[in-house]
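Just so we're aligned, residue 1 is where the sequence shown starts under full-length UniProt numbering, counting upward by one. C-beta: ideal position from N, C-alpha, C; glycine also. See structure below.
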Amino acid sequence: VSIDYKTDPRSTIVDAKSTMVINDTQLKIYAWYDNEWGYANRTAELAYMVGKIDQA
Numbered sequence: 001v002s003i004d005y006k007t008d009p010r011s012t013i014v015d016a017k018s019t020m021v022i023n024d025t026q027l028k029i030y031a032w033y034d035n036e037w038g039y040a041n042r043t044a045e046l047a048y049m050v051g052k053i054d055q056a
């Protein structure tokens, strides 16, 4: 259920059990995400990394 992934720090969680091979060239991938929370976490990580580079 998507509510299970609300405020999850990862950008996307792939639902491997629901992923399907359609044919030789196509794959159907199911993924859950909380767009704002994942974006905020990536932005915070980037700011932290830039701060570390600036201190070096």
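Nearest residue (CA-CA) to D8, options D54, A40, Q55 and S18:
What you label residue 8 is simply residue 8 of the sequence shown in a count that begins at 1. Answer by Cα proximity: A40.
Could you have a look at K28 and say whether DSSP puts it in helix, strand or coil?
On the sequence shown, position 28 is the one that residue 28 refers to. Note: K28 maps to strand in three-state DSSP.
Buried or exposed by the 16-neighbour rule on C-beta atoms within 10 Å, applied to D34
By 1-based counting over the sequence shown, the position of residue 34 is 34. By the 10 Å Cβ count, D34 comes out buried.
Contacts around residue 71, its chain only, beta-carbon distance under 7 Å, and the 5 residues preceding and following it disregarded
Nothing about residue 71 can be read from this structure; the chain reaches only from 1 to 56.
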